[in-house]
Each structure stands twice: as C-alpha cells, then as structure tokens.
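Q:
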Ligand SMILES: Cc1ncc(C[n+]2csc(CCOP(=O)(O)OP(=O)(O)O)c2C)c(N)n1
Ligand SMILES: Cc1ncc(C[n+]2csc(CCOP(=O)(O)OP(=O)(O)O)c2C)c(N)n1
Ligand SMILES: [Mg+2]
Ligand SMILES: [Mg+2]
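Residue numbers (the numbering used here), protein chains in the order written: chain A, 1 to 342; chain B, 343 to 684; chain C, 685 to 1003; chain D, 1004 to 1322.
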C-alpha cells in the first residue's frame, strides 16, 4: 500500500461514512413503505458505491468542491452536511438543504463544498470543469471532484469537457462510477469500449489525459488512486479520469408513476429484466460495507464492539434524521416564487 | 503500393477531379471580385483538400452516400454533379442544385449520392451514421462516407456518434479533414491530443474503432487508406476513423459582413493572425494539385500536352458553369415557401 | 374499441405502423435490451435498437436514416432530454428538405413525455411545447386522450415531415376507448371536447381535464363553456378556435407552461388579430406561475393551473 | 460621447466591466488565440481564453465558474450555436439558484448574434429570441442601438442571473453616439424611440429601424406612430407598452421571427389580457413568413418583415 494509506483512525472514519450513507439511504428506501407519499418523484440510491464515494472524498480539503448527479445523497453526508437537512430535503420540507425546492435529485450544500447536482445526464460534468477553472484562477491549490455514471460518458458533454479540462490543465478529477448499468441497459450494450472488453478509462486517451480503473468497492484502493489524481491536480498538472467499478445494489430508482400510484423500489434490473439473479447475488456477496467492516475487524483496526457501537450511533443518527424530516413543515407557498432570480 | 493502387487511367481521373474542384473554386473566389454581390453569406473553399476528397471518393459506388459540411463544393463535383448547377446554387439561382434555397453551405445532390450538408459543426456526423444504418438494414454492402473537420471532433456529436457507429458496426467511414485550423484557432490550441503532439486519429480508441492518420495531400495514400476502410465497412466489420492531414490554402471563408460591405477572401489566418507566412508558404509549395500533376508527369502517366489539354477542358467547363449560373434567373418568390413541408 | 391506458395506446399506434410499413424504425435508450422486448420480438434488432445516452446522435441518426428512406421513431422519454439535442430537432430535421430544394424528406417522430409535475422538480417537469411550435418544417402533436394517443402516433409516423410527439406523463394511466384496427387522427383538426356557447376554453394535454372539470362547475352556474383541444399545435386548427370565438366572444386559454413560454399566447395573439371584432372581453390565460417547478408537494401544486383558476378566469370574462 | 459602431460598443461594455471587476471572464471560440488579442493583452489568459467548438462544455463551464464566484461572458457568435447546448442555457443555468434554495447564484452572459439575414441561408439566420424569453430565471437582452449595446452589456455582466445577450448581426456596423465612461442601461425599461398618439408599434433589434422608417412614412400621411423598443424581453417592460396602448388603442407588433416563434405574440397576448378595453382594432403582427430562410437574395428579402409591410398594417388598424 502506498505511503498515503489512511491510518487506523482514518480507516474507521471511512467505514463510518460508508455506513452512514448506507443507513441514510436505507431510511430513504424504507420511507416509501413506512410513510407512503412522503417521497415523490424520482429517487436514486448509491448503495454499492459507498466505498467509491468515501474513498474519493477522503482527501477533500476546505476550499475544494464536489459536484455529482441526481444520485447524490452520499457525497454531502461525507462532506459534513446534516443528515436531518438532507432527509428533510428529500421529504420536501422547509428545513431541507434546499428549502424543499430541489428534492432528492438536487441536493446542494455550498457551505460544505457540495456545489450542485444536475438531473440531466452529463450536464454536471462541465459545471465541475467551470468550478475547477475558478479554482485555477484563485490559485490556492483547490481541486474539484466530478462524479458521474458510466452511461454519462456517452453524452457529448463528457467528451467536450474532458478535452478542455486536459487542454487547460484544470484541477479536476473525473470520477466515473461505473456500476455497469444505465438504467436497464448494460455497458456492453451501449459502450463500444465495454463491448470490446476494454476498460472505460481508455476513453482518457481521446483527451491526452491519464485514465485509471480502480475497484470501487475497495475504499482504500479508491483512496489511493483518487488521492494521486488529486495531488496531480493540486500540483497544476491537470485532470485525471478515474473509472471506479461498483455495482448498484438497488434498482436504478424508485418506480416511475403518475400521482396515485404508490411508489416503491423494485428489484434490481439484473433480475427483473435480465433474469440474472446470479450476477446480482454475487454483487450482494461483495457488498462493500460489510466487507470493509470485516477487513477492519480482521486487521484489528476495529473491534466487533466498536463496530456495533458505530452501527448503533449511525442508526440513531439516521432515525433522528427521519424523525426530524417528518416533523419539519412544508415551505410556505410564497417560497415557491422566491429563488428564480438573484 | 497496395494491390488496389489505381491504374494510370484512374490516376488521371483522380488528377482531373482534383483540378476540377480547384478550378471550380477559383471561379467561386473570383466571383467576389468579378461579380460583386452575386455570392452572399458565407462561402468555404476546399483548396488544399482536393487530394483528400478525390482520394476518399475514388472508390465510391452507386448506392453509397456521402455527407459533408458547409465546406462542400468539392464532393458533388467528383460524384457527378453538374458544375453548372453547383455554381448556380452558389449564385442563388433557380437552376441551382437546391433551386437557390440552400446556397454554398448546403449543396445537396441526392441523385449523385450527396445526401446533405449541415452548416452546424458536427451536426452532419450523426446524419451519416443514420444513412449508414439505413444501408446496413438494406444489406446491399453500401457504405457512407462522412466528411468533417478537425474542429468538429470537439463537438459532442462526434463522440456520441462514433461510439454508436462502432457498437452497431455501421458501414461508415469517418474522414476527418484535419487542416490544422478551426477558423483562426490552431489544433494545438483547442485539442488536447494535438497539444500533446498526438495524432487526432488516436480519438478512435475511445470508440474501440480503428483510427488511421494519412497524408491528405497525397491522393493515392488517401485512396489506399480510405478504400481499406470502405472494404472493412462493406464487409460488415464496422466504421473507421481516418484523419486526413491537409492544409487549407484559402482563409476559412470570405469575410463576414453585413449587407453593403463588399465581400472578399482575406489572406490565410496563418498570415493575418499569426504572422506566420513561412507556414503558409510551405503549404503552398506542397499544393497537392500541381504536385500530383508533377508526379504523374514524372511517372510518365501524364504527358505535359495531356496535362495542358485537361487544364483547358476544365477551364472551359468551369467558365461555362459561371456563364450559365450568371444567366440563370432567380427563383420565383413563391418557391420561398414551397419546401418547408413534404 | 378497447379500453386501454393512454400509454398502451401510444404503443398500439407504433405497432400499427410498424406492422404495415417495414421502413418504420423504433429506437432509444433503455428499450430493446433483451430478446423478450415486445418490439424486438416482433420486428427484430434491425429495426428496434437500444441506444446509449446520446440524444444528439440518436436524433441525428434519425435524421440521416429518414433522409435515406426510413421512418424512425425515437423514444426520448422526457422532452427535456431533447434540449441537449435541440439543434438536431429544430435546426437540422426541419431544414433539410427546404435547403435541398425538396430533394429529401425527413419523416421522423420524436416521442417524448412532458409535464410530469409530481415531484420531479426543476429539470424534468417542463411543458416545452412552445419551443417546437414555431419552427417551420416541424409538426407538433400533443394528444390528451388514449384514442388520440394512438391515432396521432400513427399519423405522425405516416407524415413525411419531422414530428415532435409530446405525450403527457400525468395522463399515462388514464384509460379511454381506443378504436381497434387502423386508426389515424388527422393533423390540424381540433377536437371540441365539450360544446357551449358562452365562453371558449382552449386547453391541451393534461389541462384538457382541468378545463372539462371547470366547465362542469361552470355549467352548474349557468355558464356554458366550449372546450377545445387543438390536439396538434403545429399545424394549429385556428379555424375551429375562431369559429367558437365568433359564437362566444369570450376566451380563456389554459396552458401548463409558464405564460411567456406557452402555446396559449400563440393562440391569444392569433385570435386578437383575426377575430378582434368578435371579442367581448379580455382573453385571459391560465398558465403555470413564472417559476422553475418546486419539488415540495404543496408548492408544486400552487404553481400549476387549476380547475378553480379556470373557473375564476371564466367568471371574469363572462362578468 | 463617442460615435462608434454597435459592434465596438458591445466590446466597450465588456471592457468597462472587465476593468472594474476581476471576476469577469471572457471566453469562446476563435478569440484570444494570440498574445496580441486586445482582451488577452489587458486581462491575461487566466480570464480570457479560446475554446474548442464545444458549446455544451463552454456554457456548462460558465455555469460552474459562475457558481464558484466568477462572472463569465461566453462569446457564442451565432444564436443557433446555442441550440447544441440548449440544456445548459435553459435547464441548467437558470435552475441552479432555484433548486438549491438560493444557495448559489449563476451570473453569466451568453453573447450571441442573431438575425443575420444576408445570404446565410437556412441554419444561421434565425431570430431565436422566444426560445429564451419564457424561461424562468433567464433574462434576455436585445439591444438595437450602439448606446444600448454597451449599456445593456454592462448591466448583463453585473446582473446576478444568467443573461442571454442577443446582438443583431445586421446592425453590426450601425454607428451611434455612445456615452463615455461608465454606462449602464437598466433591464425592464423600454425605450420610446419615437412618440406618437395614433398607433403603438413595438419592434426589437433590426426591426426597430424598419418601424422608424414606417413611422416616418406614416407621419407624412398624418398617422403618428409611437415606436417602442423593449430592449429587454425578459424582463419585459409591459407597463410602457400598456400605457402607450391606453393612449393609442391601436397596435402593430413587428418581429423578425416567424409568427409562432415570435416575441410579438407574447406582447399581443399580454395586451389583450391587460388592455382589452383600450383596444380599438385588431392587434396586427408583422413577422417573417413561416419558412426556413432561403439563400437566394430576392427570396430572402421576400420573407422578411419590411417597412412597407408595417405601414400597411398600421393603415389597416387605423382605418
Ligand atoms: C440527457 C439525459 N438523457 C436521459 C436521461 C434519463 N436518465 C436519467 S439517469 C439515466 C441513466 C444514467 O446512467 P449512468 O450515467 O450510468 O448513471 P447511473 O444512474 O448508473 O448512476 C438516464 C438515461 C437524463 N436524465 N438526461
Ligand atoms: C455548433 C457550431 N459552432 C460554431 C460554428 C461556427 N463555425 C463554423 S465553421 C467553424 C470551424 C470548423 O472547424 P473545422 O471543423 O476544423 O472545419 P474547417 O472549417 O477547418 O474545415 C466554426 C467554429 C458552427 N457552425 N457550429
Ligand atoms: Mg451507471
Ligand atoms: Mg479545420
């Protein structure tokens, strides 16, 4: 392991953050059954990607920024956002991170460096580059982390942006979370590199940019790769494309239905569409959260008691988030017209 | 040279087509001074790219299609369009290829396989892929040639389309005419690969597609590379990206000015913007048209007398085109409203 | 006649045309990913394909395939996703026939949902109809019933021009009687959903239901509203609207879009030019508030047009 | 005051703001490619950059830089080129402040020419104003004089919201007196270009000149037209327009766009809702014909609005 391997305390921090994301999102998912109608629209979970998210953000410094997609619950929790405010946003309440105006797809917490999330595939990639240009001009060695999916790399915005980022040596790390699917489409069905058995990080060659593929279910591996990319960016040597291979453990999102139909999370598309339970079950067996806990326990970094304590603290934290969010009032109707113009 | 090197007669045909394009466009350019006001808007010349155009199209068969950009005068002339109709179109006359509705940027001649030209950078690339899908469905081993500039490869449409074309194994050859400039911007200023000293054909790696760079001022080299790509496409093995390196010998286009200001062609941007006459003059010395004539004469394929005869025939042909176009009437005003809907 | 939901009726329209015409193609994201997909099974992968998330290429490929003799239908899911490819929609597809002096035609259908105001928040719930309505060469279809969903889809596919077919997401599961067998609904022919002589209400998509509910309430008050659903907004059946205005002299226009992005303003402007002398009152528009759509449920409801809002506007013009 | 062409006045507006505010950035295609470029020389490559032909990334980068505290001005040349990036223009830039509950602001200027009807044919000559006019969160500016070109650019840059700044290509070389030193023209304040009591003509951009020419002709016939130039169409100064209508009761609206894609229809619809009782005649719109713009000179001229067309419309409403 590289010199910048996180120490024991930091590894516990990483595990704790992973568990916080997982538990938060389990509460999101349960809301559909426990409190029908409280979450509306489309909600996307990051279960399976926690190691990638936390490993990527573990070198985040004040002044850095992160931007992501509609699948955006995990990042702000790691960066310091209050899960109460995050849950309240997902419930459309006035105490939400975005005062109930944005919802699950658009979590934003500028105070914690989480700059904005677009629901349009690929659209956030240039936003990240723009923030990186700002950082470059400020000259304080700040970096921007840009998260997006494998499918997004087939949107023109991806190619256009990576070319400019490379050309301008922007301090930006492009983290592609490759979960193997774009909704119900597998990568090999929609990506020429994947169809040819190549890693998606090979796309970096079209932008004269380093491209690396990493096991996104191993937070320390992600940490190693992303922190090297971050160091490169901070040093003014430009961006890196990191392909982080994960598996999403929930369906793409909750079902899409008009009002009146109760929403829920269906089974993963590997099962419902492709009849491939084996694939899904293998992924479940590799679930990064219990796996990393196991490794920490095995390595003597975490005792089972400490692990149980973390679990119960996190459970309590997320229960409190649900309780808080359920009690938070709806915004006033006037606020619906308030933030269109600055 | 490869087995499919064109025979002597075919080489003379190639040279003749190159000269026809050059002479036609010299007449276009002269129109700005000889007949001010007759050409309006924006006109783009292919001088310097003739070898690439003719070399690429020399294996064109009935049923194949070609699509290009606003820089589109050359292709239809090679494919069999009447230069009279092409010139009349550029003059906005009723006998024009498009009845005067399209103009210089939108030459189209479906009867000769020249399917359409978009003035929006990159926009024609997916059109070519769509035509290639049509060819694939028809299953007659027809191919589509898609021409575009180096600058266009930084438009999202390029990346999106090449991925799909590769994935679907579309019978399409993507010919990027790299003339080193996007208007007044050099490739190294706007392309990360170019800035890194890499060929632009390396972009093919992002699409698991073969990528080749060829000297676009050598028609036989282009012929060899493109016909191999065409053969691959006809055989159902999918698309190829060909980077054909040329140098445009005129400015990007005529000056851009509102009505009242007489239009003309300024000097090349290498001179006017970058003060780099040396670069321009070197390119002039490598002018593919006289050079290929010289090679043919040297190789005994063309006698000086034959060359002179071709020149005078082509001169006469293009003079006739100008004469015809000048005499062709303007379209009736009603026709302005005629072709919006089928 | 079969009773079926709007969403099934759209598919029925596509099937109708794919069966009769082998040049019809159907493709887009997240469809046809297995051999069990109903369209793949019936028409095969040559004609039915899944694409990457590449709307510019998808629509551009449709343009090229159309110029080369096919009739592509592109599944786009949400109208907003066309925004990344607006050049292909508004500056490529509808231009090529014209610019080529009639040499090519570009028959294609861009199928996209819109107006999904049920918690989809700021970027997925737009009513983008007017972006397309004014583009020469483009036709724009907005069915409000299951029967029209089928018949207008079939007509869209047969039309030799590019057509933007906008289905309303909130109507997805609304059932209706749909003619069996070949069913075509002509373009440019409005439907009078309810006859009445006191006031003309023009509404489209999901707001047709609001208008009909309002008309019911108003009838009880003795105000008889005529409710017109243009069904296609390009071409727009101005004639039917103007005839109604001649009769009623009073007009309320309903649109789910924000006011300055609405089709209702197109209609208002046409009426005041062509039937000014028939008008007895201001033309009122009932539209969404001028705002990005908020996520929170009560806020979302508060910014959309309502039946009560329509009633209020009608009472005003009939006062 | 200095006499300068419209195009120089735009640059003067950018300079004014770049000098006073180091957070203003200026970038786009085909500018700043040498050290001799006037903006590079003065502000350096950190703030002035050339981009590839990548409008989606260019505008998206502007959005990101704006959220991160800068004020980017993107040079786009022709409004059509925004079509490949419409999502960034209409569904990203104007949404982020709202969706974040006011946490960010997105001050940026998208500078683009439009209406270049002089042989640029089907894809480069559009008048795309109305695509932007109805989008909540977006402001839209269309200067018609050199002085406004400067002052509205400066205001656009200072505004804390995304602004689409549409300059008219046919006006490029029109000269006008432009205030020296700091010059700002407020948004939402129409200019009355000519006062008159008989009829209200509203026109924008290049058509303001047509309207003034028409007004001159009409004056000789004893018809006194008031010519109003809204200058910004979002926000729209309806008040000035409505006051004029109260006085004249007669309205002709001029727009270079095709009718159903025009801003004139927005204005017509607003007038007939808010000042119906003042109206004495139909509101006529003088717009481009419903067609892609033809290349051929006489055809192109035949499909555009003309001063004669405006005169004819005015005579009709004043009859
Ligand atoms: C431009 C655009 N097209 C389509 C969609 C619909 N859509 C939302 S998420 C999604 C899948 C994205 O896949 P990927 O980038 O792999 O991210 P993941 O959801 O797997 O994390 C699609 C197609 C969209 N939001 N934007
Ligand atoms: C989307 C878009 N952006 C900008 C332009 C303006 N433009 C026209 S040609 C051109 C340069 C294209 O360069 P390249 O692709 O290298 O082709 P070349 O002109 O050199 O043959 C530009 C920027 C356009 N037509 N379309
Ligand atoms: Mg994915
Ligand atoms: Mg070039």
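Using N, Cα and C, we set each Cβ at its ideal position, and we do this for glycine too.
With 16 other CB atoms within 10 Å as the buried threshold, where does residue 1186 of chain D fall?
A: buried
Q: From the DSSP secondary-structure annotation, give me the bridge partner or partners of residue 333 of chain A.
A: According to DSSP, residue 333 of chain A bridges with nothing at all.
Q: Measuring only between beta-carbons, confirm whether residue 575 of chain B sits less than 8 angstroms from chain G.
A: Absent from the structure is chain G; the protein chains it does hold are A, B, C and D.
Q: For chain C, check one thing: does any of its Cβ atoms lie closer than 8 angstroms to the Cβ of residue 343 of chain B?
A: With a pLDDT of 42 at residue 343 of chain B, under the threshold of 50, the predicted position of this residue should be treated as unreliable, and no value is reported.
Q: Does DSSP put residue 520 of chain B in a helix, a strand or coil?
A: DSSP places residue 520 of chain B in strand when its eight states are reduced to three.
Q: Please report the residue range of the alpha helix (DSSP H) in which residue 748 of chain C lies.
A: Counting along the chain, the alpha helix (DSSP H) containing residue 748 of chain C begins and ends at 739–751.
Q: Looking only at C-alpha atoms, which of C:702, C:739, C:713 sits nearest to residue 725 of chain C?
A: C:702
Q: From the DSSP output, in three-state form, read off residue 1 of chain A for me.
A: Here residue 1 of chain A scores only 43 on pLDDT, less than 50, and its place in the model should not be relied on; the value that follows carries that caveat. In the displayed model, residue 1 of chain A falls within coil according to three-state DSSP, outside both helix and strand.
Q: Would you tell me roughly how many angstroms separate the C-alpha atoms of residue 343 of chain B and residue 238 of chain A, rounded to the nearest one?
A: Here the model assigns residue 343 of chain B a pLDDT of 42, short of 50, so the residue's position is not dependable, and the following value carries that caveat. Cα-Cα distance, rounded: 43 angstroms.
Q: My assumption, with CB atoms under 8 angstroms, is that residue 1190 of chain D sits in contact with residue 1142 of chain D. Please give the rounded CB distance.
A: 6 angstroms
Q: Could you pull the start and end residues of the beta strand (DSSP E) that residue 1186 of chain D belongs to?
A: No beta strand (DSSP E) holds residue 1186 of chain D; DSSP gives it neither H nor E.
Q: Residue 1296 of chain D by DSSP, collapsed to three states: which one?
A: coil
Q: Shorter than 7 angstroms, the distance from the beta carbon of residue 182 of chain A to the closest heavy atom of ligand 3, or not?
A: yes
Q: Using the three-state DSSP reduction, which class does residue 1052 of chain D fall into: helix, strand or coil?
A: The answer is strand: DSSP assigns residue 1052 of chain D an E or B state.
Q: Could you give the first and the last residue of the continuous beta strand (DSSP E) run that contains residue 346 of chain A?
A: The displayed coordinates of chain A run from 1 to 342. Any statement about residue 346 of chain A would go beyond what the structure contains.
Q: Provide the residue span of the alpha helix (DSSP H) that contains residue 779 of chain C, from first to last.
A: Neither: residue 779 of chain C is in no alpha helix (DSSP H) and is coded neither H nor E.
Q: Candidates C:981, C:940, C:930, C:756: which alpha carbon is nearest residue 473 of chain B's?
A: C:756
Q: How do the segment 444–452 of chain B and the segment 401–415 of chain B stand: do at least 3 beta-carbon pairs fall below 8 angstroms, yes or no?
A: yes
Q: The beta strand (DSSP E) spanning residue 1076 of chain D covers which residue range?
A: Segment 1074–1081, the beta strand (DSSP E) holding residue 1076 of chain D.
Q: Under the assumption that residue 1129 of chain D contacts residue 1082 of chain D (Cβ atoms under 8 angstroms), give the Cβ distance between them as a whole number of angstroms.
A: 7 angstroms
Q: Determine the extent of the beta strand (DSSP E) in which residue 1032 of chain D is found, giving its start and end residues.
A: 1027–1032
Q: Tell me the DSSP secondary structure of residue 1108 of chain D in three-state form.
A: In the three-state DSSP reduction, residue 1108 of chain D falls in the coil class, being neither helix nor strand.
Q: Looking at the C-beta of residue 871 of chain C, does it have a partner C-beta in chain B at a distance below 8 angstroms?
A: no
Q: Counting only beta-carbon separations shorter than 8 angstroms, does residue 1294 of chain D have a partner in chain C?
A: Yes, residue 1294 of chain D counts as interfacial toward chain C.
Q: For the segment 88–103 of chain A against the segment 974–989 of chain C, do three or more pairs of beta-carbon atoms, one drawn from each stretch, fall closer than 8 angstroms, so that the two count as touching?
A: yes
Q: What residues from chain C crowd round residue 152 of chain A, counting only those whose CB sits closer than 8 angstroms?
A: 737
Q: Residue 782 of chain C touches chain B at which residues, Cβ-Cβ below 7 angstroms?
A: 443, 681, 682
Q: Please list the terminal residues of the continuous alpha helix (DSSP H) segment that includes residue 305 of chain A.
A: Note, residue 305 of chain A: alpha helix (DSSP H), 304–327.
Q: For chain C, is any of its Cβ atoms less than 8 angstroms away from the one on residue 1288 of chain D?
A: yes
Q: If we require 4 or more residues per run, which alpha helix (DSSP H) segments fall completely within the segment 52–99 of chain A?
A: 74–79, 83–90
Q: The alpha helix (DSSP H) with residue 340 of chain A in it runs from where to where?
A: Looking at the DSSP string, residue 340 of chain A is not in any alpha helix (DSSP H), and its letter there is neither H nor E.
Q: When burial is assigned at 16 or more other CB atoms within 10 Å of the CB, is residue 1098 of chain D buried or exposed?
A: buried
Q: Assign residue 299 of chain A to one of two classes, buried (16 or more other C-beta atoms within 10 Å of its C-beta) or exposed (fewer than that).
A: exposed
Q: Runs of 3 residues minimum, wholly inside the segment 1227–1271 of chain D: which ones carry the beta strand (DSSP E) assignment?
A: Complete beta strand (DSSP E) runs here, min 3: 1228–1232, 1235–1237, 1254–1261.
Q: Tell me which residues of the segment 504–528 of chain B have at least one Cβ-Cβ distance to chain C shorter than 8 angstroms, keeping chain order.
A: 505, 506, 509, 510
Q: Helix, strand or coil: which one does DSSP assign to residue 579 of chain B?
A: coil
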